[in-house]
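Report on the structure given below.
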Amino acid sequence: MRNFVLLSEKEWHIKLFNILKQDLNEFNWILIRSKKEFNLGNLKSLTPEKVFIPHWSYLIPEDIFNSFECVVFHMTDLPFGRGGSPLQNLILNKFKTTKISALKVDSGIDTGDIYLKQTLSLDGSAQEIFNRSSLIIGKMIKKIILNEITPTKQVGKPTYFKRRNPSDGDLSSLSDLDQVFDYIRMLDADGYPRAFVEFKGFRVEFSGVKKSSNKSLNANVRIIKK
Numbered sequence: 022m023r024n025f026v027l028l029s030e031k032e033w034h035i036k037l038f039n040i041l042k043q044d045l046n047e048f049n050w051i052l053i054r055s056k057k058e059f060n061l062g063n064l065k066s067l068t069p070e071k072v073f074i075p076h077w078s079y080l081i082p083e084d085i086f087n088s089f090e091c092v093v094f095h096m097t098d099l100p101f102g103r104g105g106s107p108l109q110n111l112i113l114n115k116f117k118t119t120k121i122s123a124l125k126v127d128s129g130i131d132t133g134d135i136y137l138k139q140t141l142s143l144d145g146s147a148q149e150i151f152n153r154s155s156l157i158i159g160k161m162i163k164k165i166i167l168n169e170i171t172p173t174k175q176v177g178k179p180t181y182f183k184r185r186n187p188s189d190g191d192l193s194s195l196s197d198l199d200q201v202f203d204y205i206r207m208l209d210a211d212g213y214p215r216a217f218v219e220f221k222g223f224r225v226e227f228s229g230v231k232k233s234s235n236k237s238l239n240a241n242v243r244i245i246k247k
């Protein structure tokens, strides 16, 4: 039986794993969710044909991608937008849609050959976008396997995104309401530090933002004493 690994630490990819197990049940699917389990020895015992990586916060070790075909999914139209925090950087640059690029892992940062790309809407919160992307990634994985797609070199001039830090979610320097809206929604996902303001020993975090009118927003608030 052909073995395939799905590698992700995100909760929303458990649903993706179950969809793949159901829709491609002629194959054996293995879910790896921890860095500890993702090692060369474990993979050699599993003998996967491919390792699909919809989300991973760590570098893929060279001994792994040299031994196994690893396919990562990046939320830009590569070679545009190589690097960290693609969703947040896209929203800050006013993109309404993007491409999910499926690429083969190599020694560079998002430099590998491309299997295929699919369009993704950037409407809604980060969590809504990630959930939507998960369904698209599932369809891409099916195409890669069933159509036996061979990746090809990236075409175009590379551009790069800088990885954002939790401190970059500070709203205090913003003066535009649309910017505040985008800051809150782009960080509104499980496991992500929320947009915030701080004052007099308190930290106020925001989520669930909605536009009430041209001059106001409604959002959920969490207040933490520092």
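Just so you know, the sequence shown maps onto residues 22 to 247 in the working numbering.
Heads up, the beta-carbon is just placed ideally off N, CA and C, and yes, glycines get one too.
Predicted, not measured: the structure shown is a model, and the values here were computed from it.
- Using a C-beta cut-off of 8 Å, the segment 80–89 makes no contact with the segment 161–177, since fewer than three inter-stretch Cβ pairs fall below that distance.
- Counting only the Cα atoms, Asn-60 lies some 27 Å from Leu-156.
- For Asp-211, the CB contacts under 8 Å within the same chain, skipping 5 residues up- and downstream, are Lys-31, Glu-32, Trp-33, Gln-148 in chain order.
- Taking C-beta separations shorter than 8 Å and ignoring five residues to either side along the sequence, the partners of Arg-206 in its chain run Ile-112, Gly-145, Ser-146, Ala-147, Val-230, following chain order.
- Under the three-state reduction of DSSP output, Lys-125 falls in the strand class.
- The three-state reading of DSSP puts Arg-103 in strand, counting E and B together.
- Using a Cβ-Cβ distance cut-off of 8 Å, the segment 40–59 and the segment 87–99 are not in contact, since fewer than three pairs of beta carbons, one from each stretch, lie closer than that value.
- Fewer than three beta-carbon pairs drawn from the segment 214–224 and the segment 116–133 are found closer than 8 Å, and the two stretches are therefore not classed as touching.
- Counting other Cβ atoms within 10 Å of its Cβ, Arg-243 stays below 16 and is therefore classed as exposed.
- Taking every protein chain shown into account, the CB of Tyr-136 has 16 or more other CB atoms within 10 angstroms, so this residue is buried.
- Rounded to whole angstroms, the separation of the alpha carbons of Leu-99 and Asp-131 is 8 Å.
- Taken in chain order, the unbroken stretches of beta strand (DSSP E) that lie wholly in the segment 64–123 and span 3 residues or more are 71–76, 90–95.
- Between Asn-186 and the set Pro-107, Glu-58, Gly-102, Asn-39, the nearest pair of CA atoms involves Pro-107.
- When DSSP states are grouped into helix, strand and coil, Glu-149 belongs to the helix group.
- Ser-29 is a Cβ neighbour of His-76, given a cutoff of 8 Å.
- Short of 6 Å from the beta carbon of Gly-177, and not among the five residues preceding or following it, lie these beta carbons of its own chain, in chain order: Pro-100.
- Following the DSSP letters along the chain, one finds Arg-206 inside the alpha helix (DSSP H) bounded by residues 198–207.
- Per DSSP, Ile-35 is not a residue of any beta strand (DSSP E); the alpha helix (DSSP H) it occupies stretches across 33–44.
- When only Cα atoms are considered, Leu-37 and Lys-221 end up about 43 Å apart.
- Closest by C-alpha distance to Ser-233, out of Phe-202, Leu-143, Ile-245, Lys-71, is Phe-202.
- Under DSSP, Lys-231 takes part in a beta bridge, and its partners are Asn-239.
- In this structure Tyr-204 touches Leu-195 by the C-beta definition: roughly 7 Å separates them, less than 8 Å.
- The three-state secondary structure of Asp-191, taken from DSSP, is strand.
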